[in-house]
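In what follows, a structure is listed as structure tokens, so that the remarks can point back to it.
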């Protein structure tokens, strides 16, 4: 029987050091709407499959097994106390793609990913234990933060538009789906009309799901994908093949040089994912103002420990290019907006988050859903990359405080997108050293009147607070 929360208190839990253990249906409730959204939006999570097929050469069943394993690890955040919907490190995916592409296809490329993901996880756990995460990131100049994020955005768009990329395979579907998708996600006109009726509110709450639905309908109509052949049953996993052919248990440990070579990429990805934690905290603080009935506790050090552990486990049992991040930004925004509507809409944010992940996890195993979206997974991945490119460039520019910062960021971003993270970081360090030596604020040209506000403007819902003010 579920333990009820008292008004103005935190959702009940079992204390365990930095963690707050919450058990399903004992401490965590069930929210139907969030469950149904997760069931349908598992298609977004399945977008990792084409990446694993293209860059690691995994068969579909093996890649599906990696997605399922990653899906189970999502629950660690919610069961251990994080009031968030965890996801990929989406802005870092293009940088990881560029990095692994430097190695020959086959075992060397898998070794590179294993070493990189393990190192990233180890760094996150170390920073979580010591509490150094925020301090380390504050040392990085704004110009370099901006350059890394913009570079990731450019690389994301390049991965779709380059010769042989997904745009060449699905040009009509991508143009139409993304045009409509961008309107629903980012247009101020649509945001001003989203409360017009139930249908527009539903569209606003669906995140990127309209893109998936439109691709399923439009793709076959324009002849760019086959009509989905619906199969009934349960998804078949290839656990044995994954373990013996794609992990350290079959391939052995990566050589030491792989760990060393991956360090610049690890640093770049950490700078990117730290922005996800800033966004998570900002969204939760904004939501908690509307809900005095529940105390929300978000602890960045705890989050470090959990997503660090997830990356370590995935590097051992199922290396994943999408990585393990602290936030699924688009769905967290939808979750927080529903949460603001009151306890009768969503009893606890923890229950909403876990219910969404119940839905995505069940969706992985329902063969009708998997086979329905299988033909359009390439379009779904292209959509993810283009949306991420848009958001990364917008957020990256906002990270720059002066015109010099933006100039450095532009050069650094171009180098990252064309030559990789190591060269990009080197370019950023050199430019910051030469341009900012003896820096005189009197002769700097600020980009924003209140530059500190940019630190809160991270992620896919950059105008969230502005929209709220306009609607008030």
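Residue numbers (the working numbering): 815 to 1286.
Backbone N, C-alpha and C fix where the C-beta goes; we use that ideal spot for every residue, glycine too.
Proximal residues to residue 1125 (C-beta, below 6 Å), its chain only, five neighbours per side dropped:
931, 934, 935, 1138
Measure from the alpha carbon of residue 1044 to the alpha carbon of each residue in 1184, 1198, 1176, 890, then state which is nearest.
1184
Do residue 876 and residue 1055 count as a contact pair if the criterion is CB distance below 8 Å?
yes
Does the distance from the C-beta atom of residue 1105 to that of residue 895 stay below 8 Å?
no
Check whether the Cβ atoms of residue 1169 and residue 844 sit closer than 8 Å, and answer yes or no.
yes
Give the DSSP-derived three-state secondary structure of residue 833 in the structure shown.
strand
Here's the rule I'm using: 16 or more other beta-carbon atoms within 10 Å means buried, otherwise exposed. How should residue 822 be labelled?
exposed
Which residue from 1047, 1220, 1069 puts its Cα closest to that of residue 926?
1069
Using only the alpha-carbon positions, how far apart do residue 909 and residue 1040 sit?
31 Å
Quick check on the DSSP output: the alpha helix (DSSP H) that includes residue 1118 runs from which residue to which?
1114–1131
I need the DSSP call for residue 846, collapsed to helix, strand or coil.
helix
Selected residue, minimal CA-CA separation from residue 964, among 1251, 1222, 1255, 1243:
1222
Could you tell me whether the region 1047–1062 touches the region 899–914, using the rule of 3 or more Cβ pairs below 8 Å?
no
So, are the CB atoms of residue 1108 and residue 819 less than 8 Å apart?
yes
I'd like the list of long-range same chain contacts for residue 1046, defined as Cβ closer than 8 Å, with 5 residues on each side in sequence excluded.
1181, 1182
At the level of alpha carbons, what is the spacing between residue 841 and residue 867?
39 Å
Compare the C-alpha of residue 1132 against each of 985, 1031, 1065 and name the closest.
1065
Tell me the DSSP secondary structure of residue 1049 in three-state form.
coil
Keeping to the same chain, check which residues put their C-beta closer than 6 Å to that of residue 984; ignore five residues upstream and five downstream.
1038, 1193
Quick one: residues in its chain with C-beta nearer than 7 Å to the C-beta of residue 1176, no 5 flanking neighbours on either side, listed in chain order?
853
Ignore the nearest five residues each way along the sequence and tell me which others in residue 826's own chain have a CB closer than 7 Å to its CB.
817, 819, 841
When DSSP builds the beta bridges, which residues end up paired with residue 826?
Looking at the DSSP assignment, residue 826 forms no beta bridge with any residue, so it has no partner.
In this structure, does DSSP put residue 1158 in helix, strand or coil?
coil
Proximity test, residue 993 beta-carbon vs the ligand SAH heavy atom, cut-off 7 Å:
Absent from the structure shown: the ligand SAH. Ligands present: none.
Output needed for residue 1098: all residues of its chain with C-beta closer than 8 Å, excluding positions within five of it in sequence on either side, in chain order.
897, 898, 1110, 1112, 1150, 1163
Any idea which residues DSSP pairs residue 901 with across the strands?
1139
Status (buried if at least 16 other CB within 10 Å, exposed otherwise) for residue 836:
buried
Check this for me: beta carbons of residue 1140 and residue 1094, under 8 Å apart or not?
yes
Go ahead and pull the three-state DSSP assignment for residue 1104.
coil
Would you kindly work out how many angstroms separate the C-alpha atoms of residue 1195 and residue 864, rounded to a whole number?
7 Å
Under a Cβ-count criterion, where at least 16 other Cβ atoms within 10 Å of its own Cβ denotes burial, should residue 834 be classed as buried or exposed?
buried
Start and end of the alpha helix (DSSP H) containing residue 1219?
1217–1233
Run through the region 1021–1048 for me and flag every whole alpha helix (DSSP H) of 4 or more residues, listed as ranges in chain order.
1023–1035
In whole angstroms, what separates the C-alpha of residue 1272 from that of residue 1002?
Bear in mind that a pLDDT of 41 at residue 1272, under 50, signals an unreliable position, so the number given afterwards is only what the model happens to contain. Near 18 Å, if we compare the C-alpha coordinates of residue 1002 and residue 1272.
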